[in-house]
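Single-structure report; data block below.
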Amino acid sequence: MSTTPPMDRLAGILDNFRFRAQLYHSGPLCGLTHFDAGQGHAFLHVLRRGQLEVSHPGRRDLPERMHFDVPSLLFYPRPLTHRFHNPPRDGADFTCARLDFDGGMAHPLVRGLPPLVALPLDRVPGLALSLELLFCETDQARCGQRLLTDRLFEVVVIQLLRWLLDHPEEAGIRPGFITGLSEPRLARALVAMHDTPGHPWTLARMAERAGMSRTAFANTFRAWVGQTPADYLTDWRIALAQRDLRRGRPITALAEELGYANASALSRAFAAKVGTSPRDWMKQVRHAHQIAPGPDADPAAWDGQGCPGA
386 MSTTPPMDRL
396 AGILDNFRFR
406 AQLYHSGPLC
416 GLTHFDAGQG
426 HAFLHVLRRG
436 QLEVSHPGRR
446 DLPERMHFDV
456 PSLLFYPRPL
466 THRFHNPPRD
476 GADFTCARLD
486 FDGGMAHPLV
496 RGLPPLVALP
506 LDRVPGLALS
516 LELLFCETDQ
526 ARCGQRLLTD
536 RLFEVVVIQL
546 LRWLLDHPEE
556 AGIRPGFITG
566 LSEPRLARAL
576 VAMHDTPGHP
586 WTLARMAERA
596 GMSRTAFANT
606 FRAWVGQTPA
616 DYLTDWRIAL
626 AQRDLRRGRP
636 ITALAEELGY
646 ANASALSRAF
656 AAKVGTSPRD
666 WMKQVRHAHQ
676 IAPGPDADPA
686 AWDGQGCPGA
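Just remember that my numbering sits 385 ahead of the position in the sequence shown, which is counted from 1.
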């Protein structure tokens with residue numbers, strides 16, 4: 386008897402829009418540590434032990450100061466200036482990674498997540514095993530340490546994303562594709578759109594995939610995702626077009642793959658969503674890439690300090 390494989394709600398996103406982690410710091414920190422949004426990186430911090438006070442200067446969408454006194458995970462999915470205030474002598478112990486998402490702010494996960502996800506480590510099932518391996522690698526230098534540490538950080542991020550899909554309200558996630566993927570019926574339609582963006586999707590076909598009437602599907606989709614199904618599908622297709630344009634593919638090769646009759650139709654949809662033509666958008670991307678901080682910028686450019694005797 387054949388069985389239907391379980392639906393993977395993350396694969397369509399992460400296969401198309403990847404991310405990379407790079408070890409940034411491991412060990413005690415004392416005094417003031419400044420993480421500047423101008424460096425252009427997201428961050429994942431793991432507080433292993435000790436106490437931590439975090440401030441977010443100039444932000445109105447986050448508490449001015451937050452205090453942590455249990456092992457915790459702090460995930461900043463997009464560049465955001467934040468400061469760690471540690472006791473001057475008894476510093477907290479951290480393992481941190483900087484994260485780079487393909488497309489930066491255009492990455493669907495970056496757009497869909499709140500500016501900060503902060504959780505006690507024991508909140509996410511299965512995380513302890515991954516962290517045990519991660520800490521084992523960061524505690525001693527061995528061959529391949531950095532490569533393995535970077536991959537383990539990526540595993541931790543994926544485990545966190547799994548948890549967020551099932552606990553969007555607890556994480557403070559507003560209506561968007563993540564909350565949509567948390568609703569089982571909508572998830573079936575969203576995963577299908579992610580997997581086959583060039584399919585001739587109509588409202589009736591989306592609703593059929595969700596197992597709902599057209600009216601119920603449209604209303605439920607709007608409530609959970611925050612936009613109409615058609616708008617979401619267009620956003621997804623244009624995000625894929627931007628990804629492929631950054632990889633050097635011509636617009637003429639993308640139209641049919643993304644469900645458009647020709648390159649002109651895709652260009653019009655692109656301009657309507659992005660505000661500029663694909664050609665002009667690529668000029669902006671190339672210019673921004675030329676002036677952005679390089680991926681090999683020195684992580685020691687921060688103001689972090691080690692603890693006395695560390």
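Ideal placement from N, C-alpha and C gives every residue a C-beta, glycine not left out.
All values reported here derive from a predicted model rather than from experimental measurement.
Cut-off 7 angstroms between Cβ atoms - residues of its own chain near residue i, not counting five sequence neighbours on either side
i, result
"R403", "D487"
"G397", "V576, H579, D580"
"E641", "G583"
"A648", "I636, T637, A640"
"V670", "R631"
"W666", "V659"
"A592", "S598, R599, F602"
"A673", "none"
For residue j and residue i, believed in contact at Cβ under 8 angstroms, the rounded distance
i, j, result
"L550", "L571", "The pair is not a contact, with the Cβ atoms about 12 angstroms apart (cut-off 8 angstroms)."
"P500", "L447", "6 angstroms"
"H467", "H441", "5 angstroms"
"Y409", "C481", "4 angstroms"
"A477", "R434", "7 angstroms"
"V542", "L429", "6 angstroms"
Extent of the continuous alpha helix (DSSP H) run through residue i
i, result
"T564", "562-566"
"L437", "Where L437 is concerned, there is no enclosing alpha helix (DSSP H), although the beta strand (DSSP E) it sits in stretches over 437-440."
"P614", "614-631"
"G416", "No alpha helix (DSSP H) holds G416; the beta strand (DSSP E) holding it covers 416-420."
"G397", "396-401"
"S662", "Taken as a continuous stretch (DSSP letters only), S662 belongs to no alpha helix (DSSP H), as it is neither H nor E."
"N604", "599-610"
"A513", "512-523"
Beta-carbon proximity of residue i to residue j, cut-off 8 angstroms
i, j, result
"A427", "L484", "yes"
"V502", "F538", "no"
"Q436", "F453", "yes"
"V610", "G561", "yes"
"Q525", "P464", "no"
"A608", "F655", "no"
"L545", "L395", "no"
"H470", "E449", "no"
"A603", "T613", "yes"
"R599", "A589", "yes"
"R594", "R573", "yes"
"P462", "L498", "yes"
"T587", "M597", "no"
"F479", "L414", "yes"
"R628", "N401", "yes"
Same chain, Cβ closer than 8 angstroms to residue i, neighbours up to 5 away in sequence not counted
i, result
"D393", "V576"
"D688", "Bear in mind that the predicted position of D688 carries a pLDDT of just 43, short of 50, making it too unreliable to give a figure here."
"K658", "T619, D620, I623"
"S662", "S652, F655, A656"
"P553", "I563, T564, S567"
"R508", "W548"
"M490", "R463, R496"
"D535", "R405, A406, Q407, L408, A482"
Span of the beta strand (DSSP E), counted from its first residue to its last, around residue i
i, result
"V502", "502-505"
Same chain, Cβ closer than 6 angstroms to residue i, neighbours up to 5 away in sequence not counted
i, result
"A556", "V502, L549"
"V540", "S515"
"Q530", "E522"
"A422", "P464, L465, T466"
"M451", "V439"
Closer than 7 angstroms: residue i CB and nearest the ligand COA heavy atom
i, result
"T605", "Looking at this structure, you won't find the ligand COA or any other ligand, since it has none at all."
Within-8 angstroms CB hit, residue i to chain D
i, result
"F562", "The structure shown contains no chain D, having only a single protein chain."
Can you check the segment 433-498 for any beta strand (DSSP E) of at least 3 residues that lies completely inside it and give the ranges in chain order?
-> 437-440, 450-453, 457-461, 467-471, 477-486
Could you tell me which whole alpha helix (DSSP H) segments of length 4 or greater appear in the segment 547-596?
562-566, 569-580, 588-595
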